[in-house]
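Have a look at the structure below before the remarks.
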Amino acid sequence: MEDTTEPVTGSLHHVEIWVPDLDRATRSWGWLLTELGYEVFQEWPDGRSWRLGTKYLVLERSPALTAGSHDRRRPGLNHLAFHAGGRAEVDALAERAAAHGWTLLFPERHPYAGGERHYAAYLADEDGYEVELVAYGKG
Numbered sequence: 001m002e003d004t005t006e007p008v009t010g011s012l013h014h015v016e017i018w019v020p021d022l023d024r025a026t027r028s029w030g031w032l033l034t035e036l037g038y039e040v041f042q043e044w045p046d047g048r049s050w051r052l053g054t055k056y057l058v059l060e061r062s063p064a065l066t067a068g069s070h071d072r073r074r075p076g077l078n079h080l081a082f083h084a085g086g087r088a089e090v091d092a093l094a095e096r097a098a099a100h101g102w103t104l105l106f107p108e109r110h111p112y113a114g115g116e117r118h119y120a121a122y123l124a125d126e127d128g129y130e131v132e133l134v135a136y137g138k139g
């Protein structure tokens, strides 16, 4: 069912991430996005997308890639942050993430790696892409 809600001007339309291995990225990102309420939106030989409301996220193994890996510490995208429910939901996602190709970043400071009032899980997939799963409310 298509969402016919008119989007807010200036809000994100979509995010496209070029990945070195589509199958690997689909396993980790597909699991996470589905857990966050996204639904499969599009599929083609070199890509997949998931939609939530009027926004969608694309993973693509583009033939135009000029490098074989991503480094979140280089100029460009560092991470994507998602609202992920309350603390219990963030904790459950972080716990299950390893089985889907994600690694907990900053484990010595988890779940306050973003500061003492910011409850979140920071995860990296096998290709080095980072997501931040943010809990509602103040920590």
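The numbering of the sequence shown is UniProt numbering, which starts it at 1 and goes up by one.
C-beta: ideal position from N, C-alpha, C; glycine also.
Bridge-paired residues (DSSP) for residue 56
Translated into positions along the sequence shown, residue 56 becomes position 56. Answer is 14 and 51.
Continuous alpha helix (DSSP H) stretch holding residue 32: start and end:
In the sequence shown, the residue the question calls residue 32 occupies position 32. 22-35 is the span of the alpha helix (DSSP H), which, as asked, contains residue 32.
Look up residue 19 in the DSSP assignment and say whether it is helix, strand or coil.
The count along the sequence shown starts at 1 and reaches residue 19 at position 19. Coil, per DSSP.
For the beta strand (DSSP E) containing residue 132, list its first residue and its last residue.
Working through the sequence shown from its first residue, we reach residue 132 at position 132. Looking at the DSSP string, the run of the beta strand (DSSP E) that includes residue 132 is 130-134.
Given a threshold of 16 other Cβ atoms within 10 Å of its Cβ, counted over all protein chains shown, does residue 51 qualify as buried or as exposed?
Mapped onto the sequence shown, residue 51 falls at position 51. Flag for residue 51 reads buried.
So, do the stretch 59-72 and the stretch 98-105 have three or more beta carbon pairs nearer to each other than 8 Å?
The stretch 59-72 vs the stretch 98-105: no contact.
Check for me: the alpha helix (DSSP H) holding residue 90 runs from which residue to which?
Along the sequence shown, read from residue 1 onward, the residue named residue 90 stands at position 90. Note, residue 90: alpha helix (DSSP H), 87-97.
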